[in-house]
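A.B. asks: Numbering (mature numbering (1 follows the signal peptide of the UniProt record, and there is no 0)) for the sequence shown: -23 to -1, 1 to 619. Positions of the beta carbon are idealized from the N, C-alpha and C atoms, including for glycine.
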Amino acid sequence: LSSLQERLRCTLGLLLLLHGTDSFYVPGVAPINFHRNDPVEIKAVKLTSSRTQLPYEYYSLPFCHPTKITYKAENLGKVLRGDRIVNTPFQVSMNVEKKCEVLCNVPNKPVTLTVEQSKLMAERIREDYYVHLIADNLPVATRLEFYSNREEEEKKKEKDVQFEHGYRLGFMDGNKFYLHNHLSFILYYHREDVEESQEPTYRVVRFEVIPQSIKLEDLKADEKSLCTLPEATGSAPQEIDPSKENQLLFTYSVHWEESDIKWASRWDTYLTMSDVQIHWFSIINSVVVVFFLSGILSMIIIRTLRKDIANYNKEDDIEDTMEESGWKLVHGDVFRPPQYPMILSSLLGSGIQLFCMILIVIFVAMLGMLSPSSRGALMTTACFLFMFMGVFGGFFAGRLYRTLKGHRWKKGAFCTATLYPGVVFGICFVLNCFIWGKHSSGAVPFPTMVALLCMWFGISLPLVYLGYYFGFRKQPYDNPVRTNQIPRQIPEQRWYMNKFVGILMAGILPFGAMFIELFFIFSAIWENQFYYLFGFLFLVFIILVVSCSQISIVMVYFQLCAEDYRWWWRTFLVSGGSAFYVLIYAVFYFVNKLDIVEFIPSLLYFGYTTLMVLSFWLLTGTIGFYAAYMFVRKIYAAVKID
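1. Do you know how far the Cα of I191 is from the Cα of L226?
2. Flag this pair as yes or no: are the beta carbons of L203 and E78 separated by less than 8 Å?
3. Can you tell which of A287, K221, R280 has its C-alpha closest to the C-alpha of E93?
4. What's the gap between the Cα of Y247 and the Cα of P453?
5. Taking the C-alpha atoms as reference points, what is the distance between K451 and K382?
6. For W545, I'd like the list of residues in its chain whose CB is within less than 7 Å of its CB, leaving aside the five on either flank, ordered along the chain.
7. Mapping DSSP to helix, strand and coil, what is S70?
8. Are P578 and T29 touching if we call contact CB-CB under 8 Å?
9. Assign C431 to one of three DSSP states: helix, strand, or coil.
10. Just the Cα atoms here: how many angstroms apart are F434 and F402?
11. So, for L306: in the same chain, excluding its five sequence neighbours on each side, which residues have a beta-carbon less than 7 Å away from its beta-carbon?
12. Which residues mark the beginning and the end of the alpha helix (DSSP H) in which D245 is found?
13. In the DSSP output, which residue or residues are listed as bridge partners for C360?
14. Taking just the CA atoms, how far does L38 sit from F406?
15. Between which two residues does the beta strand (DSSP E) harbouring F162 extend?
16. For R385, which residues from the same chain have a beta carbon less than 8 Å from its beta carbon, with the 5 sequence-adjacent residues on both sides left out?
17. Buried or exposed for E173, going by 16 or more other Cβ atoms inside 10 Å?
18. Pull the bridge partners of P116 from the DSSP assignment, please.
19. Measure the CB-CB distance between G59 and K20 and report whether it falls below 8 Å.
20. Might you give, ordered along the chain, the residues of its own chain that have their beta carbon closer than 6 Å to the beta carbon of Y106, omitting 5 neighbours on each side?
21. Compare the beta carbon distance of Y582 and F499 with 8 Å and say whether it is the shorter of the two.
22. Using a 10 Å radius around the Cβ and a threshold of 16 neighbouring Cβ atoms, would you call I46 buried or exposed?
23. Would the stretch 370 to 377 and the stretch 326 to 335 be scored as touching if the rule is three or more Cβ pairs under 8 Å?
24. Would you check if there are 3 or more beta carbon pairs closer than 8 Å linking the stretch 345 to 363 to the stretch 512 to 531?
25. With the cut-off set at 8 Å, would you say Y534 and V311 are in Cβ contact?
26. Please report the residue range of the beta strand (DSSP E) in which F47 lies.
27. In this structure, does DSSP put T298 in helix, strand or coil?
28. Just how far apart, CA to CA, sit residue 644 and G601?
29. Measuring CA to CA, which of F11, P87, C360 is closest to Q175?
30. For P116, which residues of its own chain have a beta-carbon under 8 Å away from its beta-carbon, when the five flanking residues on both sides are left out?
31. With a threshold of 6 Å on Cβ separation, who are the neighbours of K49 within its own chain once the five nearest residues in sequence on each side are excluded?
32. With DSSP as the reference, label residue 707 as helix, strand or coil.
33. Between which residues of its own chain and H159 is the CB-CB distance below 6 Å, once the five residues before and five after are set aside?
34. Apart from the five residues on each side of it in sequence, which residues of its chain come closer than 6 Å, Cβ to Cβ, to A483?
35. Work out the CA separation of Y542 and T460 for me, nearest whole Å.
36. Any idea if Q536 is buried or exposed, counting beta-carbon neighbours within 10 angstroms, 16 or more meaning buried?
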C-alpha cells in the first residue's frame, strides 16, 4: 500500500510540474517597443475555412492593394501550412485613434467588383472563410461573448468571453451574401516603465477586430478619405450579388486601449481553453488505468513466468515437462528469422526515426521553445529532426537485419531510407496536385518540393547509410537459445489467436489512454486552432509507450504459450492496433464534427489521415516490437535448455 501511495504521489508531482510547464513561455521573437505615432504594420497571413481545408492567400480576393505588395520570407513550416504573409494598406499608428477611414487610395470613389470577382467573393462567404491578419506578430481575434450555464442571478452580471481566430469574411442570410467591409480594430497596449525624462514606450499585447457589413449608401466618405459610420440601428448590410457588378467601400477604424497584460503573457488570450478540466480528468484517468493495469499484468505475468520457469528447470520431472504444452516447447524455433527480414527491419528503422523525432519535438515544445508566436517552427523542427534521426533509424535497422541473418546491407539501408519516406512523399505529391488545381496557398511550391527532395537524398539518405553501416558491423543481438534445423509444426490455433482479433484487443488500451488528446490535436489540424498543451501531450506520450509495451508483452506471451513461434511480424502488426482505432475515430470526427461536403477537401482529409494512421502504426508497432523482443530474450535466458 505504501509503495502505491508513493507512486501516486510521484504521479501527482509530475502532473503539477507539467501543468507549470504549460504556462512557461520562451518567446520566439524579441519584444518591439513603439513610441507614440510609430507605425504598427498590419499584415495578412491567409484565408482559411474548416469546410474546405484549402487555405488561400489574402490577395486571391479583390481586397484593396497597397502601392507595393511585398511578401515576407517564409520558413519551411509556414510554406507547408499555407501561410503567405503580405503587407496591407491599413495605416495604423501607435496610440492614435481613427474614427473611420476609407481603405483604397482613391477618396470617396467606391470599389467596383466585376461579376467574376463578385462570384468568387460570394463563393468564399458561402464556404465560411476566415481572414487572418497580424499586428506585431499577434493574430487578430474576434471576441465572442456568451452566458455560461450558471445560476440565473450570476447570468445577468457576468458573460463568458472566448476568442475566435481571425474574422469571418462575411455572412449569409437566406440566399443572400453579405461582406464584412468595415473593420473596427481594437488594439491593446502595455505601457513600459521608463524614466521620467524619457518618452513613454508601448508594446502591443492584444489585437481584436469587430467586423461589420455596411452598405455603400450608409458610409458617407469625403475627399480626405474620411468617412462617417451610420447609427447601429439604421444601417443596412453590404450585399454581394454574384450575378452582377457590385460597388462598395472598404473602410476601417482604429481604437487603442491600455492593458495590464505584460508582453510575455500576451498569447494567453489566444490559448485560453475552456476545457482544461477535461484534460486533467482524462490524464488522471489514463494514469490510474495504466498503472492499475500494469500492476495487474506485471503480477500475473511475473507469477506465471516464475511458475513456468520453476517447472521447466526441475530436472527430475523431465518426462512430465515434455508432455506439457507451453512456451518452452518452441525454444528451438522462437528466434527463427521471419519472412522478408529486410522490410521488417526497414519499417522498424523508420519507427525508431519517428520515435526519436516525436520525443524530442514534444519535449522541446513542452519547454515552450516552439510557441505559436514563432510560426511554422514546430513543422520546420519536425522535418529537420526526422532527417537527422536517420542515423539512429539506420543503426537499429542494420543491427536487427544482421541478427535476422541478412547479408545485403546496402540494399537494406536504401530500403530503410526510402520505404516510409517514399510512401509519405508519394501521397503528399498526389494531394498537392489537387491543391495546385484549386490555386490554394496550401499547395507546396515546386522549389520547396525540390528542397525537400534534396534534404531527403542529401541529408537523410547518407545518415541512414552511415547508421546502417555501423549497426550492421556491430555484434548482432545475442539470442539465448539455438535455432533448430527443422522447423517445428505449429498446432491449430484457437479463433481468438487470429491476427485481426489480436489487433482489436491490443489497440483498446493505448487508444483509450490518449483519445481525449487526439480530439484536441484533430481540432488544431482541421479547425485552425492553436495546439499548445505539450506538457499534457508529453505525459500522454509516456503513457502510450508504457501501455503499448505491456500489451505487446502479454500478446506475445499468449502466442508462445499456444506454441506459435511466428511472432516477429505479428507483434509488429498487433502492437500498432491502436492505429486502427485512430482511423475509426478520424472517420467519426469527419462525419460528426466537420462540415466538409466537397470531393477535394474530403480527399485531403482522408489522404492526410492515412499518413497519420500509417505513422502512428509504425510508431506504436516499433515500441511494441522492441518491448516484446526484450521480453522473449529474457524469458528464454531464464530456462535451462538441454
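C.D. replies: The short version:
1. Inter-residue distance for L226 and I191 is about 9 Å (C-alpha atoms, whole angstroms).
2. Yes; because the gap between Cβ atoms is below 8 Å, this pair is in contact.
3. Proximity to E93 across A287, K221, R280 peaks at K221, based on C-alpha coordinates.
4. Between Y247 and P453, the C-alpha separation is close to 52 Å.
5. Their backbone Cα atoms lie some 13 Å apart in a straight line.
6. The beta carbon of W545 sits closer than 7 Å to those of P315, L321, all from its chain and outside the five residues before and after it, given in chain order.
7. Strand.
8. Between P578 and T29, the C-beta gap is smaller than 8 Å, which places the two residues in contact.
9. Of the three classes helix, strand and coil, the one that applies to C431 here is helix, per DSSP.
10. Looking at the two C-alpha atoms, the distance is approximately 12 Å.
11. Taken in chain order, the residues that qualify are E540.
12. Annotation: the continuous alpha helix (DSSP H) that includes D245 extends over 245 to 248.
13. According to DSSP, C360 bridges with nothing at all.
14. C-alpha separation (whole angstroms): 26 Å.
15. Start and end: 159 to 168.
16. The beta carbon of R385 lies closer than 8 Å to those of M319 in the same chain, with the five residues before and after it left out.
17. In the assembly as shown, E173 is an exposed residue. Its beta-carbon has fewer than 16 other beta-carbons within 10 Å.
18. Partner(s): I111.
19. Going by C-beta atoms, G59 is not nearer than 8 Å to K20.
20. Contacts found: L24, S26, L146.
21. When the beta-carbon positions are compared, Y582 and F499 stay at least 8 Å from each other.
22. It counts as exposed.
23. Output reads yes: the stretch 326 to 335 touches the stretch 370 to 377.
24. No contact exists between the stretch 345 to 363 and the stretch 512 to 531.
25. In this structure, V311 does not lie closer than 8 Å to Y534 by Cβ.
26. The question names Phe, but residue 47 is Thr in the sequence shown. Taken as a continuous stretch (DSSP letters only), T47 belongs to no beta strand (DSSP E), as it is neither H nor E.
27. Note that T298 has pLDDT 47, beneath the 50 cutoff, so the model's placement of it is unreliable and no number is given.
28. Outside the shown range of the chain, which is -23 to 619, sits residue 644, and nothing can be said about it.
29. If we check each option's Cα against that of Q175, F11 comes out closest.
30. Excluding sequence positions up to five before and after P116, its CB lies within less than 8 Å of the CB of V22, H109, L110, H142, G143, F184, Y247, all in the same chain and listed in chain order.
31. Closer than 6 Å at Cβ, skipping near neighbours: I62.
32. One cannot answer for residue 707 here, as it falls past the ends of the chain, which runs -23 to 619.
33. Hits under 6 Å: Q189, I191, T228.
34. Excluding sequence neighbours, A483 sits near I528, M532, V551, G554.
35. For T460 and Y542, the distance between alpha carbons rounds to 11 Å.
36. By the neighbour-count rule (16 or more Cβ atoms within 10 Å), Q536 is buried.
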